[in-house]
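Engineer: Protein chains in written order, with the working numbering: chain S, 2 to 131; chain R, 3 to 563. This is the structure, below, for whatever I ask next.
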Amino acid sequence: MRTEARVLLSLGVFFAIMDAVYWIWSKEDAGGVMIIAGTLLCFLPGLYYFWWSRRMRPRPEDDPHAEPAQGAGVVGTFPGTSIWPFTLGMASFVMVLALVFGVWLLVPGLGLTFWAVVGATGESRRGGQH
Amino acid sequence: MTDVLERPAHAEGHGHEEHGPTGILKWLTTTDHKVIGLSYTVTAVVMMVIGGAFAEIIRAQLSSPNGTLVSLAQYNELFTMHGSVMIYLFAGPFAFGALANIIVPIQIGAPDMAFPRLNALSYWLYLTGSITMLSGFFVAGGAANFGWVAYVPLSSSVATPGSGADLWIGGLLLTGFSAIFTGVNLCATIFYLRAPGMTMFRMPIFTWNLLVTAILILLAFPVLTAGLIMLYADRHFGTHIFSVAGGGVPVLWQNIFWFWGHPEVYILALPFFGMVTEIIAVFSKKPVFGYKGMIFATLTIGALSLGVWAHHMFTTGTVLLPFFSIMSLLIAVPTGIKMFNWVGTMWRGQIWFSTAMLMAIGFLVTFLVGGLTGIYLASPPLDFFTHDTYFVVAHFHSVVMALVLGAMGGLYYWGPKITGYMLNERIGKAQFWFLFVGTQVFTLPMYLLGLRGMPRRMAVYPKHPSWQYLNDWATVGAVLIGISTILFVVNVVYSWKRYPAGDNPWDGHTLEWFTTSPPPHHNFYRLPPIRSERPTWDYNHPEHKALEHGHREPAAEGSAK
Ligand code: HEM
Ligand SMILES: [Cu+2]
């Protein structure tokens with residue numbers, strides 16, 4: 002976990018320095034704001050991983066001498082197949098077409114989205130029980 | 003139908019039978035990263051063929067000064083959709099959705115992507131986004147025609163009222179979300195699903211490059227999505243974010259677009275850099291030269307790529323020239339490190355000139371041309387002279403054609419793993435030579451055309467003897483590239499289930515060559531101990547001690563001398 006944190010935090014530090022130089026030198030706001038957003042996007046998960054890396058025992062994948070058996074077992078449970086990603090994809094498709102062909106398409110679009118979200122959530126619940 | 007993601011214990015682990023629906027329903031409901039990745043691959047290659055067909059029409063039109071093949075208005079649609087299809091629908095999705103989706107989880111010993119259903123959603127958004135964008139050709143007024151960068155005011159509702167433009171925006175919204183979800187998925191997979199012993203600094207370079215790509219996706223794509231929503235609002239909701247009339251700032255669109263657009267260049271390139279690194283190491287029978295330097299270079303490129311966007315806007319007169327020029331030139335340093343490391347990997351290697359290796363070497367040469375001419379364009383005085391001429395078109399086609407070479411290398415290298423069957427090497431090599439020679443014959447004349455002042459995006463041009471023969475050569479090159487694409491399709495058809503590959507046809511280094519071809523459901527029946535960044539090689543060649551990188555004895559290079 003430590004390397005992951007370091008990668009993100011060093012990118013964040015680099016962007017922070019770069020933004021300071023850019024903003025002070027150019028006095029142009031759009032770029033300054035966009036780089037700040039990038040900086041925060043690196044610090045947010047970076048600090049989270051850093052915080053965790055100090056609290057958890059190293060995982061087998063962080064241990065250079067780990068044996069395959071140490072990672073054996075269940076990684077997670079998921080529905081093996083699911084129709085909901087496809088449904089949600091079609092729902093998004095219909096909603097984007099509403100941008101072009103008329104707002105009324107939002108009605109089936111949002112309906113499909115709701116159906117897909119409910120379906121996927123229920124499926125996760127059931128999947129988790131096994 | 004619950005599926006338990008399980009990792010095998012050791013050499014004697016048990017397999018996992020695939021279950022569930024078959025046929026079309028299987029395709030619609032799958033959450034298996036290999037099936038999704040294959041759908042991505044096929045869709046992206048189809049997009050490449052469509053975009054290539056547009057390119058051939060463009061070159062046919064330009065083969066004479068007053069071409070009449072297409073009208074002026076149709077030409078605008080053609081170059082816009084050629085650029086858009088190639089960048090948004092082929093190069094990007096192929097880079098991070100196709101081979102990456104299949105190979106990254108296997109390379110780190112994971113049973114699937116971290117969020118299998120999100121992965122499926124990414125594909126459906128990509129497919130529907132592509133359909134949305136291309137359907138512009140079927141509406142009144144035709145497809146988008148403002149160039150692939152959609153500069154305002156050209157893309158405003160006054161200049162481009164048609165719904166083709168809105169379909170272009172809508173398609174990009176869908177593919178943009180698809181990319182963001184893939185970015186999240188890749189990061190989570192690489193951070194959380196590595197096999198025991200697969201530390202970050204043992205991950206294959208391809209996986210490392212996709213991690214940096216994924217981070218760049220997360221930094222850049224939300225900006226594009228936000229920009230597109232603003233553009234749509236300006237077009238239809240009467241806002242004036244980008245229009246002078248209402249107090250907006252047109253050049254803000256360019257800032258937003260390129261803040262995504264330049265990182266996008268590396269989102270496209272880094273995955274292919276990774277593919278080429280793997281191919282060169284395997285076919286030189288050597289470990290990657292300067293493994294950590296390679297990773298450091300990738301991270302540096304990723305970091306710098308967020309601070310160079312306005313080198314596309316030097317001529318607007320609104321940007322801080324020295325900052326963007328220096329930052330852009332700095333990118334040449336890590337890229338140069340990579341070049342040296344690639345050559346260093348081949349140096350004194352036992353080189354096997356397979357099709358994949360030829361494609362990788364072709365990538366190096368072509369990318370070098372594109373990279374070097376990029377250095378010229380990063381210097382404002384030279385850019386003022388060449389901006390919006392064919393010099394720029396030639397520069398980025400050297401780069402993107404290098405990516406096509408890399409993509410083909412990746413398909414020849416990993417195709418056997420994914421399908422279980424090899425492609426024919428003879429046809430492959432013929433394809434390589436058509437593609438490689440065609441690329442140079444196509445791009446080099448365009449550099450000269452640019453220096454001689456021919457502007458881009460012109461359907462007709464003045465009769466000028468020093469322009470004409472160069473345009474002819476560029477068209478010849480385009481035809482050669484077209485033939486290479488046909489040869490690829492011929493090869494896939496000819497080799498269909500003809501040459502069984504076996505698990506490890508290339509004596510590979512990384513974990514994907516440890517499992518079967520094609521890999522089973524959840525990828526592995528067993529895993530080797532991971533003690534270096536070449537676990538499969540270590541397992542198959544116990545005579546070479548696996549040493550920590552950086553301390554490898556020459557003897558460990560096998561018969562490299
Ligand atoms: C068969 C190979 C190809 C040929 C013959 C070709 C040809 C061309 C030509 C002649 C133009 C300039 C049109 C003009 O300015 O009037 C162009 C523009 C462009 N091409 Fe290609 N191209 C090929 C492959 C690619 C690939 C693989 C990509 C990206 C992955 C790509 C991306 C672009 C882009 C982004 C533009 C700019 C479009 C615009 O001006 O808005 N091309 N292409
Ligand atoms: Cu750029």
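A virtual CB, placed ideally from N, CA and C, is assigned to each residue, including glycine. Being a predicted model, the structure only gives us computed values, none of them experimental.
Any residues in the stretch 311-332 of chain R with a beta carbon nearer than 7 Å to a beta carbon of chain S? Which ones, in chain order?
Structural biologist: L322, F325
Engineer: What whole-angstrom Cβ distance do A197 (chain R) and P69 (chain S) have, given they're in contact under 8 Å?
Structural biologist: 7 Å
Engineer: So which residues on chain R does A21 (chain S) lean against when the C-beta distance must stay under 9 Å?
Structural biologist: The contacting residues do not exist; A21 (chain S) stays about 12 Å from chain R at best.
Engineer: Counting Cβ pairs closer than 8 Å, one from the stretch 153-170 of chain R and one from the stretch 126-144 of chain R, do we hit at least three?
Structural biologist: yes
Engineer: Under 9 Å between the Cβ atoms of L407 (chain R) and A362 (chain R)?
Structural biologist: yes
Engineer: Name, in chain order, the residues that DSSP records as bridge partners for T391 (chain R).
Structural biologist: DSSP output for T391 (chain R) lists R:P457 as bridge partner(s).
Engineer: When the cut-off is 9 Å and only beta carbons count, does L106 (chain S) lie next to chain R?
Structural biologist: For L106 (chain S), no Cβ of chain R is located within less than 9 Å of the residue's own Cβ.
Engineer: Starting from A362 (chain R), trace the alpha helix (DSSP H) in both directions and tell me its first and last residue.
Structural biologist: 357-379
Engineer: Look at the Cβ atom of R533 (chain R), then the Cβ atom of G199 (chain R), and state whether they are nearer than 9 Å.
Structural biologist: yes
Engineer: The alpha helix (DSSP H) with T227 (chain R) in it runs from where to where?
Structural biologist: 207-238
Engineer: Could you tell me whether any non-hydrogen atom of ligand 1 is closer than 8 Å to the CB of V494 (chain R)?
Structural biologist: no
Engineer: Look at the alpha carbon of W260 (chain R) and the alpha carbon of M2 (chain S), and state the distance between them as a whole number of angstroms.
Structural biologist: 33 Å
Engineer: Against chain R, which members of the stretch 72-93 of chain S pass a CB distance test of less than 8 Å?
Structural biologist: G72, A73, G74, V75, V76, G77, T78, F79, P80, G81, T82, S83, I84, W85, P86, F87, L89, G90, M91, S93
Engineer: Exposed or buried, what is P556 (chain R) when buried is set at 16 or more other beta-carbons lying within 10 Å of its beta-carbon?
Structural biologist: Low confidence applies to P556 (chain R): its pLDDT is 43, below 50, so where it sits in the model is not reliable, and the reading given next is rough at best. It counts as exposed.
Engineer: Does V225 (chain R) come within less than 9 Å of chain S when only Cβ atoms are used?
Structural biologist: yes
Engineer: Just the residues with CB closer than 6 Å to a heavy atom of ligand 2, in chain order, which are they?
Structural biologist: R:H264, R:V267, R:V310, R:H313, R:H314
Engineer: Round the Cβ separation of V335 (chain R) and I207 (chain R) to the nearest angstrom and send it over; I've been treating them as touching at under 8 Å.
Structural biologist: Rounded, the Cβ-Cβ distance is 18 Å, inconsistent with contact.
Engineer: Name, going along the chain, the residues of the stretch 116-145 of chain R whose beta-carbon falls closer than 7 Å to a beta-carbon of chain S.
Structural biologist: P118, R119, A122, L123, W126, L127, T130, T134
Engineer: Would you identify the three-state DSSP class for T31 (chain R), choosing helix, strand or coil?
Structural biologist: helix
Engineer: Does M2 (chain S) have its Cβ less than 9 Å from a Cβ in chain R?
Structural biologist: yes
Engineer: Does any heavy atom of ligand 1 sit closer than 8 Å to the C-beta of Y77 (chain R)?
Structural biologist: yes
Engineer: Should P118 (chain R) and H35 (chain R) be called a contact, given that it needs their Cβ atoms to be closer than 9 Å?
Structural biologist: yes
Engineer: Residues in the stretch 231-257 of chain R with C-beta within 7 Å of chain S's C-beta atoms, listed in sequence order?
Structural biologist: Y234, L254, N257
Engineer: Which of the residues in the stretch 507-538 of chain R, read from start to end, lie with their CB under 8 Å from any CB of chain S?
Structural biologist: R528, L529, P530, P531, I532, R533
Engineer: Which residue or residues does DSSP assign as beta-bridge partners of Y423 (chain R)?
Structural biologist: R:P502
Engineer: Would you mind stating whether V284 (chain R) and Y415 (chain R) have Cβ atoms separated by less than 9 Å?
Structural biologist: yes
Engineer: Does ligand 1 have even one heavy atom less than 8 Å from the beta-carbon of W260 (chain R)?
Structural biologist: no
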